[in-house]
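Residue 1232 in the working numbering is what sits at position 23 of the sequence shown, and the numbering runs on without skipping anything.
The C-beta atom is built at its ideal place from N, Cα and C for all residues, glycine as well.
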Amino acid sequence: MNKVVIGAQWGDEGKAKITDLLAENSDLIIRYQGGCNAGHTVVVDNKTYKFHLIPSGILYGNKTCFLGAGTVILPESFEAEVKGLISDGIDVSGLKISPLASVTMPYHTEIDGYSENNAKKGKIGTTKKGIGPTYTDKSGRIGFKAQDLYSDEALEEKLDVILPIKNKVLKEVYGLKPYSKEEIRELCKKYAEIFRPYICFDWQEMLNKFKNGHNILFEGAQGVMLDVDYGTYPYVTSSNPIGGGAATGSGYGPTVIDEVIGVAKAYVTRVGEGPFVTELNDETGNKIRDIGHEYGVTTGRPRRCGWFDAVTMKYAVLTGGITSIALTKIDVFDDFDEIKICTAYRDKRNGEIYNSYPTDVFIHKYLEPVYETHNGWKTDITGIRNYDDLPQNVKSYLSRLEELLEVPISIVSVGPDREQTIFKCC
Ligand code: GDP
Ligand code: IMO
Ligand code: MG
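Structure representation (structure tokens):
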């Protein structure tokens, strides 16, 4: 069985916990989009591991973990992450990089930082890891791929073509320092050494080997609502976190995918700017943030919190290609008297009701959530491991979500640890 794990909201849904669980029975784990903007947390026996780019499956020591062509790699961040894993005693020999992955250059992070720091209007609130500028250059056909670092011919031609354009933009648009050919050449040499133990030039043979008779797990980063095509554009990341991203970013086409598991929190969080109809700027929002420890893994920023939004979630089920849901952090509500689910949006200007997600995000400021309220369970559920043992109010809440979303909930997560998981039969 080949499964894709994607975020069904605005990221940080607990994807890494679910990926880690499913990685146990997988042979190959592929990260197919995004870069070190991701912050993925896995807790095993009370020890916390934080990943940015490397698939969490690496923890098992005997899995092949592949960074696909759809990813962007900031070499210094990659190096630091690998060193951290090695110093934790983790075997990274299964780690492989696609020669087609894109390389984030220093000017990408500089431009990202400059744009964020100087935006007067339309600030995105990015992670400043150079993600947008790297993908911009990739689409603009002026990017560096990992394989270029090992080819003098490719490098020299690219330096001739790319550098004059980049330097003009750096100087004239951003007022930033230009780079000499020699500087970039030296950096590329350094990056080539960082990637050398992992670059996988025989990736076609490797993917063919795993294609039949093995389990492949595709690990998504970010979430559907941050997708560059389907998310709250322009307040999105620059890649495709939808299930379809696995088909373009991994090296396998869509035909190998059997299931897409959409990970969603029992509430919603968002970091960075952009619309968020169910956001709670009140005591309830603060309570969710405190109990759920909602602070960014990559940037430490407090996450914006709000009630579960079935409108965006139904949209995520459709556009993400989601076949079942892993619902996480439901334990955060253990002490809540009541829990709300947004089932529709109402336009404050004219009372119009939206049952489907309106993709024009510039009207979202006029929308208010239509809620239904469910009774809390006022019980600590973090120790429960069987679905049948859950309080009736939890079961009713889960059934209602399944009814609204028209897709089964296959996994219920009741705590950060690997063990704190309930596999629900569909
Ligand atoms: P990701 O980016 O989707 O992998 O998620 P993050 O790691 O950024 O954020 C999810 C946070 O929630 C992490 O700190 C996890 O350890 C934690 N977590 C995951 N599942 C659960 C859960 O069911 N309950 C609680 N309380 N915490 C969880
Ligand atoms: P994981 O994989 C939550 C957000 C940023 C910003 C927008 C664009 O941990 O779920 P970028 O640096 O990608 O250009 O920023 O996307 N963002 C995330 N939010 N979780 C993430 O990753 C994110 N990666 C990017 O906050 O709003
Ligand atoms: Mg995260």
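Going by DSSP, name the residue or residues bridged to residue i.
| i | result |
| --- | --- |
| residue 1320 | Residue 1320 is not bridged to any residue. |
| residue 1311 | 1281 and 1354 |
| residue 1573 | None, per the DSSP bridge assignment. |
| residue 1511 | 1504 |
| residue 1652 | With the chain running from 1210 to 1635 in the structure shown, residue 1652 is simply not present. |
| residue 1306 | 1276 and 1408 |
| residue 1446 | None; residue 1446 has no bridge partner. |
| residue 1620 | 1535 and 1632 |
| residue 1267 | None, per the DSSP bridge assignment. |
| residue 1383 | The partner list for residue 1383 (beta bridge, DSSP) is empty, contrary to what the question assumes. |
Please go through the same chain and pick out, in chain order, the residues whose beta-carbon is closer than 6 Å to the beta-carbon of residue i, but skip the five residues on each side of it.
| i | result |
| --- | --- |
| residue 1603 | 1586 |
| residue 1452 | 1213, 1215, 1469, 1529 and 1530 |
| residue 1480 | 1505, 1510 and 1512 |
| residue 1535 | 1227, 1470, 1472 and 1620 |
| residue 1580 | 1549 and 1551 |
| residue 1555 | 1562, 1577 and 1579 |
| residue 1447 | 1340, 1341, 1344 and 1437 |
| residue 1352 | 1311 and 1346 |
| residue 1243 | 1430, 1431 and 1448 |
| residue 1245 | 1261, 1262, 1283, 1286 and 1338 |
| residue 1334 | 1481 and 1482 |
| residue 1275 | 1239 and 1305 |
Since residue i and residue j are thought to touch, with beta carbons under 8 Å apart, how far apart are those beta carbons, to the nearest angstrom?
| i | j | result |
| --- | --- | --- |
| residue 1485 | residue 1515 | 6 Å |
| residue 1218 | residue 1475 | Contact doesn't hold; Cβ gap of about 11 Å is too wide. |
| residue 1553 | residue 1613 | Contact flag wrong, Cβ pair sits at about 10 Å. |
| residue 1508 | residue 1336 | 6 Å |
| residue 1654 | residue 1239 | Since the first residue of the chain shown is 1210 and the last is 1635, residue 1654 is not available in this structure. |
| residue 1282 | residue 1306 | 7 Å |
| residue 1249 | residue 1225 | 3 Å |
| residue 1230 | residue 1591 | In fact, because the Cβ distance is near 16 Å, the residues do not count as touching under 8 Å. |
| residue 1593 | residue 1570 | That pair is no contact at about 38 Å. |
| residue 1294 | residue 1425 | The pair is not a contact, with the Cβ atoms about 22 Å apart (cut-off 8 Å). |
What residue range does the beta strand (DSSP E) around residue i cover?
| i | result |
| --- | --- |
| residue 1637 | Absent from the structure is residue 1637, since the part of the chain shown begins at 1210 and ends at 1635. |
| residue 1488 | Residue 1488 -> no beta strand (DSSP E), and no H or E assigned at all. |
| residue 1228 | Looking at the DSSP string, residue 1228 is not in any beta strand (DSSP E); the run it does join, the alpha helix (DSSP H), is 1224-1232. |
| residue 1547 | 1547-1556 |
| residue 1333 | That residue, residue 1333, is in no beta strand (DSSP E); it is neither H nor E in DSSP. |
| residue 1439 | Taken as a continuous stretch (DSSP letters only), residue 1439 belongs to no beta strand (DSSP E), as it is neither H nor E. |
| residue 1451 | No beta strand (DSSP E) holds residue 1451; DSSP gives it neither H nor E. |
| residue 1472 | 1468-1474 |
| residue 1212 | 1212-1216 |
| residue 1535 | 1533-1537 |
| residue 1260 | 1256-1260 |
| residue 1423 | Looking at the DSSP string, residue 1423 is not in any beta strand (DSSP E), and its letter there is neither H nor E. |
| residue 1433 | Here residue 1433 belongs to no beta strand (DSSP E), and DSSP marks it neither H nor E. |
| residue 1465 | Counting along the chain, residue 1465 falls outside any beta strand (DSSP E), and DSSP gives it neither H nor E. |
| residue 1251 | 1249-1253 |
Near residue i, what residues of its chain come up, given a Cβ to Cβ distance below 8 Å and the 5 sequence neighbours on each side ignored?
| i | result |
| --- | --- |
| residue 1546 | 1584, 1585 and 1587 |
| residue 1626 | 1252, 1253, 1254 and 1255 |
| residue 1420 | 1461 and 1465 |
| residue 1297 | 1258 |
| residue 1396 | 1314 and 1315 |
| residue 1523 | 1565, 1566, 1613, 1614 and 1615 |
Would you decide whether residue i is buried or exposed? Buried here means 16 or more other CB atoms lie within 10 Å of its CB.
| i | result |
| --- | --- |
| residue 1377 | exposed |
| residue 1311 | buried |
| residue 1210 | exposed |
| residue 1289 | exposed |
| residue 1464 | exposed |
| residue 1380 | exposed |
| residue 1330 | exposed |
| residue 1443 | exposed |
| residue 1431 | buried |
| residue 1280 | buried |
| residue 1634 | exposed |
| residue 1382 | exposed |
| residue 1317 | buried |
| residue 1328 | exposed |
| residue 1321 | buried |
| residue 1370 | exposed |
| residue 1617 | exposed |
| residue 1422 | exposed |
| residue 1404 | buried |
Following the continuous alpha helix (DSSP H) through residue i, name the residue where it begins and the one where it ends.
| i | result |
| --- | --- |
| residue 1636 | Outside the shown range of the chain, which is 1210 to 1635, sits residue 1636, and nothing can be said about it. |
| residue 1614 | 1601-1614 |
| residue 1402 | 1390-1404 |
| residue 1348 | 1340-1348 |
| residue 1523 | 1519-1529 |
| residue 1367 | 1361-1377 |
Kindly examine the ligand PLP and report whether one of its heavy atoms sits closer than 6 Å to the Cβ of residue i.
| i | result |
| --- | --- |
| residue 1224 | The model depicted lacks the ligand PLP and carries the ligand GDP, the ligand IMO and the ligand MG instead. |
Spatial neighbours of residue i within its chain, please: C-beta separation below 7 Å, excluding the five flanking residues on both sides.
| i | result |
| --- | --- |
| residue 1367 | 1353 and 1357 |
| residue 1372 | 1388, 1390 and 1393 |
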